[in-house]
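One structure is given below, encoded as structure tokens.
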Amino acid sequence: MIDTRPLIVGAGPAGLRAAITLSDAGLHPVLVDHAPGIGGAVYANLRAQPNLTPKLTREACILRQDFERVRPRVDLRLSTAFAAFDQAGTALLTGQAGMMFKPRAVIFATGARERIQPRPGWTLAGVSSAGALQIALKTTGTLPLGRLLLAGTGPLLYAIAAQMVAAGRAPVAVIETGNPLRHPLMALRLPAPVLTEAARYMGRLLLAGVPILSGTDLTRIETRNGALIAHTSRQGRWAEIAVDHIGLHDGLARNDFGISAEMTGQTPVFQAGDCRSVLGRWAAEDDGKRAAEQVLHALKATPGRAAIAPDQRFVKTQTLLAKLFARAPSLAAPDLPDDTVICRCENRSLGDLKQALQAASEQTQTTARTLRLTERFGMGPCQGRQCLDWVAALTADTTSFADLRGNRWPIKPVRVRDILDAPDFTVDPSHQDLK
Amino acid sequence: MQPTDSYDLVIAGAGIIGASVAWHATQRGLRVAVIDAKGPAAAASGASDGAVSVASKRPGLMANLADASLCYAREMAQHNGILKGIFHPRPTFIFARSAPESAALDRLTRMLHDQSLSVTIHQDGAAQTSAISGLGKDITRVIELQGEAHMLGYQATHAYLRAAKCDLFWPRSLEAYEPGPEGVRVFTSAGEMNCAQLVIASGIGTMGLLPNVPMIARSGQLIVSDRGPASEPNLPGPLTSAAYLLDKTANGRGDAGLPVVIDPLHTGQVLIGSTREDHGTERQTDIATVRRLLHSAVGCLPRLAERRIIRVFAGVRSASLDGLPIVGALPEEPNVVCATGFEGDGICLSALIGREIAAHLATGQSSPDLAALTPGRFSSQEAIPA
Amino acid sequence: MSVQTILWNGTPIAFLPGDTIASALSRAGITEFGLRQTALPAAIFCGIGQCQNCLVSIEGIGVAEACLTLCDAAQSVRSLSDHRLTESAHD
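Residue numbers (UniProt numbering), protein chains in the order written: chain R, 1 to 435; chain W, 1 to 386; chain G, 1 to 91.
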């Protein structure tokens, strides 16, 4: 029999809620995630050993309970990558529970990716995204050895710092590019649950005496005597902080690489949660439910909800947060030296990019194609997730982010063996001829 | 709109052919402009594997032209030639897995000998005796050729355009042209240009411009791997199935097996290709086809099973109905020259075609070697075979 | 309960239930997982399988993200730049 069960990619809050909604309507969705457990990044502690990690929030517990209820009807495939969905309507999953099949609907719930601004030294071992530290904390209750420093901007930094404090590993400091505490009145317009959470985090940081250096840039990282030296700058005043591990975070963006442009076939495809619009975990659950209802509607199983606009409350909250964390206009963006690595995959620097732009501007425009083929930006295994935001910003007058993105599959690198080993349920087994 | 500019030569198409014509024409002192709807190497030249191969050509004229182009490119890669660092000599390995493929290798051997080509057979024998370790048991026979090369289409395109002292315009597409006694009026998406002569080398973009030159778009899917472990030896050259030769010849491949090429890149990555489809587009790739290609590739080189695939893409080649490129002045329009329909052979033929077209433009004399490629061959036919 | 270990380039490293290769190495103070072919260090960066900066070679699995792969007892894990890989991969 040809397998046509609906596919949900990503087992975070949006994907789990979508799976619950589809199952409740009598469908048997396939839910795939490349991580070894459910929860996505935000609820990564759902896959942790009990008692090791920070306590689960109430929402996480409810979500898990609801998912446990429908678990027998969901084909959960963990440690399995979603590799591709082609115009013929074939989906390819690879890894532990890989397969090829023809889902009659697809929901992408692939969450967010962290935006991390390139800085000299950001490729050193020991420098990671702040989110990576949080995942380690949430899944195993541990953090890397030694002194920790958080830097960048955005509300997630404070959540992570507070969780570090709770784990007994307070960071040396939080270096904040923006100046969110400058506008207490604006902050008071945030919805109550957000404010409560923020107050709890800030309280914990204050009690632990964690310095929050706002309006400060982390301009450069180097190694000295086995330590990482963070060079900071605040209105022209320089300082150095010696640590062992640095977590960087400059906000969140949709993790929608490769999941939209090519999908023009007959199969209904929806995006849900942060990969559609970065509005956080509460909105994500709501959106997962909504996407599932749209699938049901498309498959004529039930009347669907017509409205697809996200809940305006969540949009307002994010807009307000963006304003709060906006970089003060007096602070100029740090002038990066030319040897700053921009593309971490192919080791291409800002100087390489400038040179390409300059060589071209003597004659004519540099095309996105040239930046990819000749300059290698976006051509590495991360497919530009780390660099293209910045390449697009630096070449804004000639190329667009959309042109720079190849949007090619596989969505992430997959082993040839895994592609070949994936059982094929796109054809009737009696007619199979491969192998 | 007033004419904006006047040139000896306007070239529509900044692919490897247009770029080679541009450089060769500026070497002869012509004032040249190159326009392109997108930019340099934006279509087939940018999507190609970069194999400069004589062995894969049809015996006879095409193999001779390819060989002449290869010898000329080899010269341009020496000393401080324009292709230095871009054209890399390397061996080619062509293998057989079946009786029809082995017969194709025999035909190849005869062709290289009968036509006295510069590409020679270094070794012909069982898989175990070849210079590549770890070949799959599917492979029964391998021929190692010497004299072929690797040249990435986009690198050669950029090298030609960088060195050519000419004006470049993109995005600017050729929309129409009007030959007259004074030269050619060229209507582009960004206004009018005047030139004495026009070269149309815009690959599949040529299709709409020259309705009397019948062409088809033939797409191919390609797969790129990761760099692999540092310890893994890179292939010394491409590993090509003999079925690939059959695919390009008029006979077709019958039951020879899936044509597959495993092409090493200098990064340690490998490029696995390629299909030949009459209905695909630049954006169309599909899982089933890619899996068949990979299955075939792993049968030839089992260690590929451990590589990770980072990207799958498709390129579109412009092909003529009789399988020969279309090169030369248009019938009745001596000031308009077209160069298209290379179906992937543009990388190999670009050096020669650029030189010959530039010579034709500068002197009015065209090479008798290219006579068979003239676009006039279609209008002289009674009916075009579909 | 005896402590379980993986073998990192031949050296035993303890791991806890639920540990990924990355978290076990990180707890042992190992932040650099060798050099990538572009000469940049292999190390944890994004932590969620996107950036491909933490690839290692895992016995029985092949090249994989250290941040996504759970530890398995006595499993041999090597850095991609470790040349001893040659012997194990081609014998």
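Virtual Cβ for every residue (Gly too), placed ideally from N, Cα, C.
Bear in mind that the values here come from a model prediction, so they are computed numbers and not experimental data.
Using a Cβ-Cβ cut-off of 9 Å, state whether residue i counts as contacting chain G.
i	result
R:A284	no
R:K102	no
W:E75	no
R:C345	yes
R:D433	Here the model assigns R:D433 a pLDDT of 49, short of 50, so the residue's position is not dependable and the matter cannot be decided.
R:P329	Its pLDDT being 48, under 50, R:P329 is placed unreliably by the model, and nothing is read from it.
W:G136	no
W:T267	yes
W:R308	yes
R:K354	no
R:A14	no
Report yes if the CB atom of residue i is closer than 9 Å to the CB atom of residue j, and no otherwise.
i	j	result
R:I212	R:L185	no
R:C382	G:Q50	yes
W:A351	W:Y72	yes
W:V261	W:A131	no
W:T206	W:S318	yes
R:R313	R:P155	no
R:D424	R:M99	yes
W:A362	W:G13	no
R:A81	R:A272	no
W:L198	W:P40	no
W:I86	W:A156	yes
residue 478 of chain R	R:A112	Absent from the structure is residue 478 of chain R, since the part of chain R shown begins at 1 and ends at 435.
W:E378	W:N212	Position check: residue 378 of chain W holds Phe in this sequence, whereas Glu was assumed. Result yes, Cβ atoms of W:F378 and W:N212 sit closer than 9 Å.
Determine which residues share a DSSP beta bridge with residue i and list them.
i	result
R:A242	R:I229
residue 119 of chain G	Nothing about residue 119 of chain G can be reported from this structure: the residues present for chain G run from 1 to 91 only.
R:R224	R:A227
residue 390 of chain W	Residue 390 of chain W is absent from the structure shown; chain W starts at 1 and stops at 386.
W:F187	W:A176, W:E192
Answer yes or no: does any C-beta atom of chain R fall closer than 9 Å to that of residue i?
i	result
G:N53	yes
W:V298	yes
W:I287	yes
G:G18	yes
G:A14	no
Quick check: is the beta carbon of residue i nearer than 9 Å to any beta carbon in chain W?
i	result
R:Q77	A small fix is needed here, since residue 77 of chain R is Arg in this sequence, not Gln. Not closer than 9 Å to any Cβ of chain W, the Cβ of R:R77 fails to qualify, so no.
R:G380	yes
G:L80	yes
G:Q37	yes
G:L40	no
R:P423	no
R:G406	yes
R:P120	no
R:I2	no
G:S23	no
*Check each residue of the stretch 130 to 144 of chain R: if its Cβ is closer than 7 Å to any Cβ of chain G, include it; give the result in chain order.*
G131, A132, I135, A136, T139, T140, T142, P144
_By the 9 Å beta-carbon criterion, what residues does the stretch 61 to 78 of chain G contribute toward chain R?_
The residues in question are I61, G62, V63, A64, E65, C67, L68, T69, L70.
_Members of the stretch 151 to 172 of chain W that neighbour chain R once the beta carbon cut-off is set at 7 Å_ = Here the close residues are Y154, H158, L168, F169, W170.
*Decide if the stretch 241 to 252 of chain R is in contact with the stretch 106 to 121 of chain R; the criterion is three or more beta carbon pairs, one per stretch, under 8 Å apart.*
yes
*Would you be able to state if there are at least three C-beta pairs under 8 Å between the stretch 349 to 357 of chain R and the stretch 317 to 327 of chain R?*
Touching, no.
_Under 8 Å: do the stretch 268 to 287 of chain R and the stretch 8 to 19 of chain R share three or more Cβ pairs, one atom per stretch?_
yes
*Residues of the stretch 368 to 396 of chain R with a CB closer than 8 Å to any CB of chain G: list them in chain order, please.*
Cβ contacts with chain G come from G380, P381, C382, R385, Q386.
*Below 8 Å between beta carbons is the criterion; list the residues of the stretch 24 to 45 of chain W that meet it against any residue of chain R, in chain order.*
K38, G39, P40, A41, A42
*Segment contact, 8 Å Cβ cut-off, at least three pairs: the stretch 170 to 185 of chain W with the stretch 292 to 300 of chain W*: No, because fewer than three Cβ pairs between the stretch 170 to 185 of chain W and the stretch 292 to 300 of chain W fall closer than 8 Å, the two stretches do not touch.
*Indicate whether the contact test is met: 3 or more Cβ pairs, each with one atom in the stretch 57 to 65 of chain W and one in the stretch 29 to 48 of chain W, closer than 8 Å.*
no
*Counting pairs of Cβ atoms below 8 Å between the stretch 211 to 226 of chain R and the stretch 131 to 143 of chain R, do you hit three or more?*
no
*Three or more beta-carbon pairs under 8 Å between the stretch 75 to 83 of chain W and the stretch 92 to 100 of chain W, yes or no?*
Contact fails: fewer than three Cβ-Cβ distances are below 8 Å.
_Members of the stretch 85 to 102 of chain R near chain W, C-beta cut-off 7 Å_ = D86, Q87, A88, T90, L92, M100
*asked:* Whether or not the stretch 301 to 314 of chain W and the stretch 402 to 411 of chain R are in contact is what I'm after, with contact meaning three or more pairs of Cβ atoms, one per stretch, closer than 8 Å; do they touch?
replied: Output reads yes: the stretch 301 to 314 of chain W touches the stretch 402 to 411 of chain R.
*So, do the stretch 140 to 147 of chain R and the stretch 72 to 81 of chain R have three or more beta carbon pairs nearer to each other than 8 Å?*
no
_At least 3 beta-carbon pairs within less than 8 Å: the stretch 339 to 354 of chain R vs the stretch 370 to 385 of chain R_ = yes
*In the stretch 204 to 233 of chain W, which residues sit with their C-beta less than 8 Å from some C-beta in chain G, listed in chain order?*
In summary, the residues of the stretch 204 to 233 of chain W whose CB is separated from some CB of chain G by less than 8 Å are D226, R227, P229, A230, S231, E232, in the order they occur in the chain.
*asked:* Taking contact to mean 3 or more Cβ pairs, one atom from each stretch, closer than 8 Å, check whether the stretch 210 to 218 of chain W and the stretch 319 to 326 of chain W are in contact.
replied: yes
*asked:* With three or more beta-carbon pairs closer than 8 Å as the criterion, would you say the stretch 102 to 113 of chain W touches the stretch 233 to 245 of chain W?
replied: Touching, yes.
*Contact the stretch 158 to 172 of chain R vs the stretch 67 to 75 of chain G: 3+ CB pairs below 8 Å*: no
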